[in-house]
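Note sheet for the following structure.
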Amino acid sequence: MEIKRPMLARTLAHCQTPTWKRELAEAYRRPGELIAHLSLDKRLLTDALHSDAGLRMLVPRPYAALMEPGNPTDPLLRQVLPAADESIDRPGFSIDPVGDLAARRTPRLLQKYRGRALLLVTSACAVHCRYCFRRHFPYKDENTATAASGALALIRRDETIVEVILSGGDPLILDDEPLRGLIAHISDIPHVRRIRIHTRVPVVLPSRVTAELCELLADARPKLVMVIHANHPRELGAAVPVALSRVRTAGIALLNQSVLLRGVNDRTQILSELSEALFANGVLPYYLHLLDRVQGAAYFEVDTAEAARIITGLRNSLPGYLVPRLVREQAGFAYKTPVC
Ligand SMILES: *Cc1c(COP(=O)(O)O)cnc(C)c1O
Ligand code: SF4
């Protein structure tokens, strides 16, 4: 019997599940498994099980491997393990802290700033960060192909949009083929000069940064910028430099943004080491964000005075280009507002 080619291709594809997909499928989704893997006190489990409503735990194993066993205050663990403190309700913390809903121009397209429009490519991520400012975003309302093509049509009509930011969720969670299609589509819009990818994938799931992915990104006509998201120097584990070097080799500019998080990176020394480690990998520090005041994340907040003290410490010890800009996102402003 003759085997039709598409069927053969599908069969082969199934045998060769890429490493990153396997790693994503095997990610820790049950707090109990992660707690056991790190030999932590089972009391943490009770908290975790009561706290993950609305944002299930998701931790890829390569990221968990960078955590210190037996340490309940590990800065990587703290970013991803549901905590009892998430139920603290503090005034000023809301489900739409940065005015995303008001900035929606059409389903899946946000625009707050001149020249730059942000496309919500997917709601999925490779990790679930407890402090995520979009943890309550109503993706479900607009998760359709129609929304995506409507958003692209708007970008095509509006010649003032010169930079398209791929965000989500995490755009690099998409398969190569839909990503290739999207990039080709945007490349075909003459007034778009830059495509920017905001992603935590190179840090938490570096195996996703395959040679094929970098090739398809390098094919884009507009200039490509990738903004990764690392918060702590220990996140740049062994496989991360390899991924970043691939991205650089593809001619893509690399920047990093961090969120200032209590109990994670709220010390000058840690952020200084992060800047050094990033630069050693060809990545420039871009923003250090004050926490977006999203409901459930109050326990991560560092106050402005403390943040200013930390950034002054960085200025005192690093060259200017290794000091990230300390900013706060405020709904209704024309740019991310500098702090101090
Ligand atoms: C943060 C953000 C941007 C990017 O701002 P830059 O200052 O250019 O980095 C663009 N659009 C939206 C909706 C944003 O939230
Ligand atoms: S990777 Fe980004 S979008 Fe996804 S959960 Fe973390 S902070 Fe939120």
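Quick note, the sequence shown lines up with residues 8 to 347 if you use this note's numbering.
Ideal Cβ placement from N, Cα and C applies to all residues, glycine included.
Any non-hydrogen atom of ligand 1 closer than 6 angstroms to Tyr138 Cβ: Incorrect: Tyr138 has no Cβ contact closer than 6 angstroms to ligand 1.
Residue of Phe286, Ala287, Glu280 minimising C-alpha distance to Gly320: Nearest C-alpha to Gly320: Glu280.
Beta-carbon proximity of Phe307 to Leu268, cut-off 7 angstroms: Cβ atoms of Phe307 and Leu268: closer than 7 angstroms.
Where Pro25 sits in the DSSP three-state scheme: Of the three classes helix, strand and coil, the one that applies to Pro25 here is coil, per DSSP.
Val234 (DSSP reduced to helix, strand or coil): Under the three-state reduction of DSSP output, Val234 falls in the strand class.
Whole-number beta carbon distance between Ala34 and Pro67, since they are thought to touch under 8 angstroms: About 4 angstroms separates the CB atoms of Pro67 and Ala34; that is less than 8 angstroms, so the two are in contact.
Simplified DSSP assignment, three categories, for Leu2: Given that the chain is displayed from residue 8 to residue 347, the structure contains no residue 2 and the question cannot be resolved.
Bounding residues of the alpha helix (DSSP H) (the contiguous stretch that carries His192): That run of the alpha helix (DSSP H) goes 183 to 194.
Check: His135 C-beta below 6 angstroms from any heavy atom of ligand 2: Result yes, Cβ under 6 angstroms from ligand 2.
For Ser46, the three-state DSSP class (helix, strand or coil): Ser46: coil per DSSP, three-state reduction.
C-beta atoms of Leu224 and Ala246 nearer than 7 angstroms: Against a cut-off of 7 angstroms, the Cβ pair of Ala246 and Leu224 comes out as no contact.
Option nearest Gln118 by Cα separation, candidates Ala152, Met233, Arg137, Ile172: Of the listed residues, the one whose Cα sits closest to Gln118 is Ile172.
Three-way DSSP call (helix, strand, coil) for Ala72 in this model: DSSP places Ala72 in coil when its eight states are reduced to three.
Cut-off 7 angstroms between Cβ atoms - residues of its own chain near Ser58, not counting five sequence neighbours on either side: Around Ser58: Pro89, Ala90, Ala91, Glu93, Ser94.
Check: Leu329 C-beta below 6 angstroms from any heavy atom of ligand 1: False, no ligand heavy atom lies under 6 angstroms from that Cβ.
Helix, strand or coil at Ser156 [DSSP, three-state]: Collapsing the DSSP output to three states places Ser156 in a helix.
Test item: CB-CB of Met233 and Ile259 under 7 angstroms: Contact flag set, yes.
Lys230 beta carbon near ligand 1 (any heavy atom closer than 6 angstroms): Answer for Lys230: no, Cβ out of range of ligand 1.
Pocket of ligand 3 (residues with CB nearer than 6 angstroms to any heavy atom), chain order: This structure lacks ligand 3; the ligands present are ligand 1 and ligand 2.
Candidates Val266, Arg63, Ile196, Val211: closest to Tyr70 by CA position: When each option's Cα is compared against that of Tyr70, the closest is Val211.
Distance, Arg50 Cα to Gly157 Cα: Cα to Cα, Gly157 sits roughly 48 angstroms from Arg50.
Whether Val334 touches Phe140 by CB criterion (7 angstroms): No; because the gap between Cβ atoms is not below 7 angstroms, this pair is not in contact.
Cβ shell of Ser3 (< 8 angstroms), same chain only, five flanking positions each side left out: As shown, the chain starts at 8 and ends at 347. That puts residue 3 outside it, with no answer to give.
At least 3 beta-carbon pairs within less than 8 angstroms: the stretch 185 to 203 vs the stretch 212 to 219: Output reads no: the stretch 212 to 219 does not touch the stretch 185 to 203.
Proximity test, Asp299 beta-carbon vs ligand 2 heavy atom, cut-off 6 angstroms: No, since every heavy atom of ligand 2 falls outside the 6 angstroms radius drawn around the Cβ of Asp299.
Lys343, buried or exposed, once every other Cβ within 10 Å from all chains shown has been counted against 16: Per the 10 Å Cβ criterion, buried.
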